[in-house]
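In what follows, a single structure is set out as structure tokens and then discussed.
Residue numbers (the working numbering): 65 to 158.
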């Protein structure tokens, strides 16, 4: 009976010591996978940014007139949006 209890305690103890090790190993593997994914995402982001910079360098320069027209068009669009929002707010108040 005592032998059986000690054998059971020995088996239970060994299982308890193995389980955390397995859990830790799985956790370490997940961490490695996550770090690898993060590293790959960083590399992809840097590559995209590099490609965008290169594409921007290769585009022809805008003339001052084109820039001025673009700014004026954007300003007009913003004003139009403001007016539309103002009209919508007035309609909601009624």
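For glycine and all other residues, C-beta sits at the position ideal for the given N, C-alpha and C.
- Between residue 134 and residue 143, the CB-CB gap reaches or exceeds 9 Å.
- The three-state secondary structure of residue 97, taken from DSSP, is helix.
- Taking the CA atoms as reference points, residue 117 sits about 26 Å from residue 139.
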